[in-house]
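Undergrad:
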Amino acid sequence: MLLFPALLSLCLCGIVVAKFAGVDDASLDEELIAAPFPPPTQPTPHSPSPALNTPEGTAATAPTRTVRVRPGDNLSLVFRRHGLSQKDLHKLVNTEPLGHRLTKILPGHELGFLIGNGNDLLSLTYSSGPLEELRFTRSGEGFKGEEVVTEPNIVQSYKHGVIDHSLFVAGQRAGFTDAITMKLAEIFQWDVDFVLDIRAGDAFHVLFEEKYLDDKFIGFGRILAAEFVNQGRSHHAVLYADPNGTTSYFDPHGNSMHKQFLRTPLKFTRISSNFNLRRKHPMWKREMAHKGIDYAAPRGTPVLASGEGVVTKAGRTAPNGNFVIIRHGSNITTKYLHLSKFAPGIRANAKVAQGQVIGYVGTTGYATGPHLHYEFLVNGAHRNPRTVSLPDAAPIAEAERRAFDAYAAPLLASLAHHTQQPELAVGR
Ligand SMILES: [Zn+2]
120 MLLFPALLSL CLCGIVVAKF AGVDDASLDE ELIAAPFPPP TQPTPHSPSP ALNTPEGTAA
180 TAPTRTVRVR PGDNLSLVFR RHGLSQKDLH KLVNTEPLGH RLTKILPGHE LGFLIGNGND
240 LLSLTYSSGP LEELRFTRSG EGFKGEEVVT EPNIVQSYKH GVIDHSLFVA GQRAGFTDAI
300 TMKLAEIFQW DVDFVLDIRA GDAFHVLFEE KYLDDKFIGF GRILAAEFVN QGRSHHAVLY
360 ADPNGTTSYF DPHGNSMHKQ FLRTPLKFTR ISSNFNLRRK HPMWKREMAH KGIDYAAPRG
420 TPVLASGEGV VTKAGRTAPN GNFVIIRHGS NITTKYLHLS KFAPGIRANA KVAQGQVIGY
480 VGTTGYATGP HLHYEFLVNG AHRNPRTVSL PDAAPIAEAE RRAFDAYAAP LLASLAHHTQ
540 QPELAVGR
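The numbers in the sequence shown follow this note's numbering, run straight up by one, and end at 547.
Listed below in structure tokens is the structure:
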């Protein structure tokens, strides 16, 4: 979302960096953070004010006051705390087209106030992170706003991890945030059942982007290529942007990682800690009669439509409890049993998208504990949802094949190079 050309970003980079360099860890809990500008020197008649933002014709001002938004804050509270005019506040939030974003400040965001004589607000800056800043400068009766987007330096990096009992713990050990681990799982979610199929010894290798601002790490970017080894079986994925700018993950042969069905019809973020808490449901013992998979999961875990389709039934029977049946095209049907409740709008003839929440895990019907019973039928015959081969989404277009190969080959080679030399990957 770069609204400004890189050149402008570069020019402003120094200012933004200086601002954030003034924040040290010790002061994070303080509302007032070190002033980013040096205190004003004695002004002489011929030296301009050090505060560059001072509009023409105003007197010398105090340094910018930087404030970190506290939990429960809104802009009105902040203004009151600093004795600033509520009239100015009203003008600011009504400044088109950026002012309304000041109503969405969140704890941890930063506000910078440049205040003139008589506690007049001369300018306000608002940063929701190190890369984005809104600036409002007094202009006539009101304010004018501009958005400054700073472009970070992107560095390609590699990490790998081995799972002992939880993907998320392994991700944390490797230095990933849970959000990046989640992205990794999402890439492979069509091939790997992240609730039931994860085993000790499973491993991941990831080439990804890191964002730096003035040599300081500020966050993760995209996952460029990854390998996930599940029960000895290796899956590879490469991120590729087609000429229309649509990015998607493909395997090394150019097949889409997306399948027409999710392998796991549950939102596994909610059950991430349960990888090692898998238990055999008592009904599991009746294997001959059991025509689906039981996913033990906390009550209320969202249940997802595994593929696009039409609900043929959302009802309740004594053994099934609350259940949903979805028809996908002409020959595939999926069933979801024992739901605590249905998601809004889930009823016969409702259209559902892949990954749409259709209900929530419960214990309705013949169930001894909260779980989802999931069935996958092809031409009316039950198939094992964990092993049934799932139809692919569209592969790389033939016309794109050479460009894809040229792009993917070096990335996959780089990933393989790292994978084969894990000792080099320990330090970044
Ligand atoms: Zn079952």
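Here a beta-carbon is modelled for each residue, glycine too, at the ideal position from N, C-alpha and C.
With a threshold of 16 other CB atoms inside 10 Å of the CB of G364, please say whether the residue is buried or exposed.
TA: exposed
Undergrad: Per the DSSP calculation, A322 is bridged to which residue(s)?
TA: V281 and V348
Undergrad: Name, in chain order, the residues that DSSP records as bridge partners for D511.
TA: The partner list for D511 (beta bridge, DSSP) reads K378.
Undergrad: Does G428 come out as helix, strand or coil in the three-state DSSP assignment?
TA: strand
Undergrad: Tell me which same chain residues have a C-beta within less than 7 Å of the C-beta of E265, skipping the five on either side of it?
TA: R254
Undergrad: Would T256 and S242 qualify as a contact pair, given that the criterion is a beta-carbon distance under 8 Å?
TA: Going by C-beta atoms, T256 is nearer than 8 Å to S242.
Undergrad: Any heavy atom of ligand 3 closer than 7 Å to the CB of D312?
TA: Summarising the ligand content, the structure contains ligand 1 and does not contain ligand 3.
Undergrad: Cβ-heavy atom distance between H492 and ligand 1 below 7 Å?
TA: yes
Undergrad: Taking just the CA atoms, how far does V480 sit from V188?
TA: 37 Å
Undergrad: Cβ of V186 within 8 Å of Cβ of L230?
TA: Taking C-beta atoms as the reference points, V186 and L230 count as a pair closer than 8 Å.
Undergrad: For ligand 1, is there a heavy atom less than 7 Å away from the beta-carbon of G481?
TA: no
Undergrad: Using the C-alpha atoms, what's the distance from A472 back to E346?
TA: 27 Å
Undergrad: For P438, which residues in the same chain have their Cβ closer than 7 Å to its Cβ, ignoring the five residues on either side in sequence?
TA: So the list reads G484 and Y485, once near-sequence residues are dropped.
Undergrad: So F380 and S425 are in contact, right, with Cβ under 8 Å, and what is the actual spacing, rounded?
TA: 5 Å
Undergrad: Using only CA atoms, which one of T436, T431 and G440 lies nearest to R446?
TA: Nearest option by C-alpha distance: T431.
Undergrad: Would you report the Cα separation of L194 and L221, rounded to the nearest angstrom?
TA: 7 Å
Undergrad: Let me know if A504 comes out buried or exposed under the rule of 16 or more other beta-carbons within 10 Å of its beta-carbon.
TA: According to the sequence shown, residue 504 is Pro rather than Ala. Counting Cβ neighbours within 10 Å, P504 comes out buried, since at least 16 surround it.
Undergrad: Hey, A356 and I306: beta-carbon distance below 8 Å or not?
TA: yes
Undergrad: Of all the options D361, E328, T506 and F523, which has the alpha carbon lying nearest to the alpha carbon of N272?
TA: N272 has its Cα closest to that of E328, out of D361, E328, T506 and F523.
Undergrad: Looking only at its chain, what residues have a beta carbon closer than 8 Å to the beta carbon of H377, apart from the 5 residues adjacent to it on each side?
TA: W309, S367, Y368, D511 and A512
Undergrad: What residues match up with V268 in a beta bridge as DSSP calls it?
TA: E251
Undergrad: Taking G235 as the reference, which of I515, R184 and G280 has the closest Cα?
TA: R184
Undergrad: Is it true that the stretch 335 to 355 meets the stretch 312 to 322, where meeting means three or more beta-carbon pairs spaced less than 8 Å apart?
TA: yes
Undergrad: Which residue's Cα is closest to the Cα of K410: P489, R502 and L233?
TA: R502
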